[in-house]
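Working notes for the structure below.
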Amino acid sequence: MGFEFSCAVNLQQESDFNQFFDGLGELIEARNLLIEGGGSANHFEGYVMSNTRYESATEEDRKAIESWLTSQDSISDTVVDKLSDAYYGY
801 MGFEFSCAVN
811 LQQESDFNQF
821 FDGLGELIEA
831 RNLLIEGGGS
841 ANHFEGYVMS
851 NTRYESATEE
861 DRKAIESWLT
871 SQDSISDTVV
881 DKLSDAYYGY
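Reading the sequence shown from the start, the letters are residues 801 to 890 in my numbering.
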């Protein structure tokens, strides 16, 4: 199991990008998760899943990512989907 998320980003300087992605990376790593993502200068989206084979991201992981994203001043329009099957996409 994993989950998708998307958000609008308003990162003005390179240091803003570094701070955002460093913080997100630290959270992902601390929760033993993986992220696949991409975006543009004003939008970012990703899929989050467990970093352990045969394990799943949890509802607590989903809520932690959502909470972190919504706490960032440079992020808006955050959408975090419900858990879905990371293999089949349901």
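The beta carbon of each residue, even a glycine, is placed where N, CA and C say it ideally should be.
Looking only at its own chain, which residues have a Cβ that is under 6 Å from the Cβ of Ile835, when we skip the five neighbours before and after it? Ile828, Gly846 and Val848
Would you check if the segment 811 to 825 and the segment 869 to 888 touch, i.e. whether three or more CB-CB distances between them fall below 8 Å? yes
Which residues does DSSP pair with Phe817 in a beta bridge? Answer is none; Phe817 lacks a bridge partner.
Using the beta-carbon count (16 or more within 10 Å), is Asp857 buried or exposed? It should be pointed out that residue 857 corresponds to Ala in this sequence rather than to Asp. Buried is the call here.
Does the distance from the CB of Leu883 to the CB of Phe803 come in under 7 Å? A contact, by the Cβ cut-off of 7 Å.
Any idea what DSSP makes of Thr852, helix, strand or coil? coil
Spell out the partners DSSP gives Gly846 in its beta bridges. Phe805 and Gly837
So what does Ile828 bridge to, in DSSP terms? None; Ile828 has no bridge partner.
Taking the beta strand (DSSP E) that Asp877 falls in, what are its first and last residues? Ile875 to Val880
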